[in-house]
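Enquirer:
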Amino acid sequence: MTNPDIHNCPICAEPFKPDDICASDITEGTCHAACLEGSPVVDLETGEETGGTVDTYPYSDVMEPPPPETNTTGWEDEFNALSPEEQGKIRHCADTFGVPLIAAYHRAKDLDVIEASPSPQTRTLGGGE
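Numbers given in our numbering equal positions in the sequence shown, counted from 1, plus 3.
1. Classify D23 as buried or exposed, calling it buried when 16 or more other Cβ atoms lie within 10 Å of its own Cβ.
2. Check whether the region 81-94 touches the region 102-113, taking contact to mean three or more Cβ pairs, one atom from each stretch, closer than 8 Å.
3. So what does DSSP say about P18, is it helix, strand or coil?
4. Helix, strand or coil: how does DSSP classify K112 here?
5. Which same chain residues end up closer than 7 Å to K20 when comparing Cβ atoms and leaving out the 5 residues on each side of it in sequence?
6. Under a Cβ-count criterion, where at least 16 other Cβ atoms within 10 Å of its own Cβ denotes burial, should T33 be classed as buried or exposed?
7. Please state if the CB of T53 and the CB of V44 are separated by a distance shorter than 7 Å.
8. Could you tell me which residues DSSP puts in a beta bridge with T99?
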């Protein structure tokens with residue numbers, strides 16, 4: 004189970020922002036540097052105070068990267084450019100599996116079931132060629 008407070012300072016419980024100045028505590032982990040102000044700096048091997056200063060860094064140096072964004076724009080144009088038959092198959096999958104149409108469309112693209120960049124379909128009205 005993921006700890007919901009992982010992105011909060013364990014001392015003040017405030018959420019970290021990318022530009023927050025942080026420092027590491029041997030028991031608490033990443034904290035706001037201001038929250039550790041006045042804490043002794045110790046040698047990790049001996050536990051003796053060193054009298055040194057706390058090393059600081061911006062939170063952006065240690066924060067987890069954001070999840071990749073799913074392209075939620077433009078897919079409708081690509082979907083509408085598919086043949087009615089392909090659109091029907093994707094709609095059927097979305098309905099069968101109870102997923103949003105966008106999810107079924109992207110899954111079909113990922114599986115190469117449909118063209119990655121379909122060209123617009125053309126229709127000939129009347130007695131076309």
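For every residue, glycine included, the Cβ atom is placed at its ideal position computed from N, Cα and C.
Expert: On the basis of the data shown:
1. Here residue 23 corresponds to residue number 20 of the sequence shown, with the count starting at 1. Burial call: buried.
2. yes
3. Counted from its first residue, the sequence shown places residue 18 at position 15. In the structure shown, P18 sits in a strand (DSSP, three-state: E or B).
4. Counting from one through the sequence shown, the residue named residue 112 turns up at place 109. In this structure, K112 counts as helix in the three-state DSSP scheme.
5. Start at 1 with the first residue of the sequence shown, and residue 20 comes out as number 17. Excluding positions up to five away in sequence, the list reads Y62.
6. Indexing the sequence shown from 1 puts residue 33 at position 30. Answer is buried; the Cβ neighbour count reaches 16.
7. Stepping through the sequence shown from its first residue, residue 44 is reached at position 41. Stepping through the sequence shown from its first residue, residue 53 is reached at position 50. In terms of Cβ geometry, V44 and T53 form a close pair [threshold 7 Å].
8. The residue you call residue 99 lines up with position 96 of the sequence shown. Bridge partners of T99: none, in fact.
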